[in-house]
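Engineer: Numbering (my numbering), first residue to last: 6 to 108.
The beta carbon of each residue, even a glycine, is placed where N, CA and C say it ideally should be.
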């Protein structure tokens, strides 16, 4: 890859601000993300649908005031949490949930 995630995030954030305004809620991009998820489910082999979803996630994060470094740090932390969890078998829809701990 020729550019870092941080650079890509900044380019996407700058474009979003110029296209949609700098003062907006993350709710709009998240609603749009739901539509793109449906499209990706219809075309799971289309990498551009994944690109659409990633751009919308970055846009929503930017609307919350987060930058690419913060998002990647959170992803790393969440991966660490997920790796420590126990996971159930895939259900009929191909979904696996983590096993809830009883306290």
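Bridge partners of residue 92, per DSSP?
Structural biologist: Translated into the one-based positions of the chain shown, residue 92 becomes position 87. According to DSSP, which records beta bridges pairwise, residue 92 is partnered with 103.
Engineer: Would you mind listing the alpha helix (DSSP H) stretches within the region 25–49 that are 4+ residues and don't spill past its ends, in chain order?
Structural biologist: 32–47
Engineer: Roughly how many angstroms separate the alpha carbons of residue 6 and residue 14, rounded to a whole number?
Structural biologist: What you label residue 6 is simply residue 1 of the chain shown in a count that begins at 1. What you label residue 14 is simply residue 9 of the chain shown in a count that begins at 1. Note that residue 6 scores a pLDDT of 48, beneath 50, so its modelled location is shaky and nothing firm can be said.
Engineer: When the distance is taken between beta carbons, is residue 66 closer than 8 Å to residue 35?
Structural biologist: To locate residue 35, count along the chain shown from 1; it is residue 30. To locate residue 66, count along the chain shown from 1; it is residue 61. No, the Cβ-Cβ distance between residue 35 and residue 66 is not below 8 Å.
Engineer: Please report how far the alpha carbon of residue 51 lies from the alpha carbon of residue 83, in whole angstroms.
Structural biologist: By 1-based counting over the chain shown, the position of residue 51 is 46. By 1-based counting over the chain shown, the position of residue 83 is 78. Looking at the two C-alpha atoms, the distance is approximately 26 Å.
Engineer: Do you know whose CA, among 91, 63, 68, lies nearest residue 29's CA?
Structural biologist: Here residue 29 refers to the residue found at position 24 when the chain shown is read from its first residue. Closest in alpha carbon position to residue 29, among 91, 63, 68, is 68.
Engineer: Drop a sphere of 10 angstroms on the beta-carbon of residue 73, count the other beta-carbons inside from all chains shown, and report buried for 16 or more, exposed for fewer.
Structural biologist: Position 68 of the chain shown, counted from the start, is the residue given in the question as residue 73. Burial call: buried.
Engineer: To the nearest angstrom, report how far apart residue 46 and residue 107 are at their CA atoms.
Structural biologist: By one-based count along the chain shown, residue 46 stands at place 41. By one-based count along the chain shown, residue 107 stands at place 102. Cα to Cα, residue 46 sits roughly 33 Å from residue 107.
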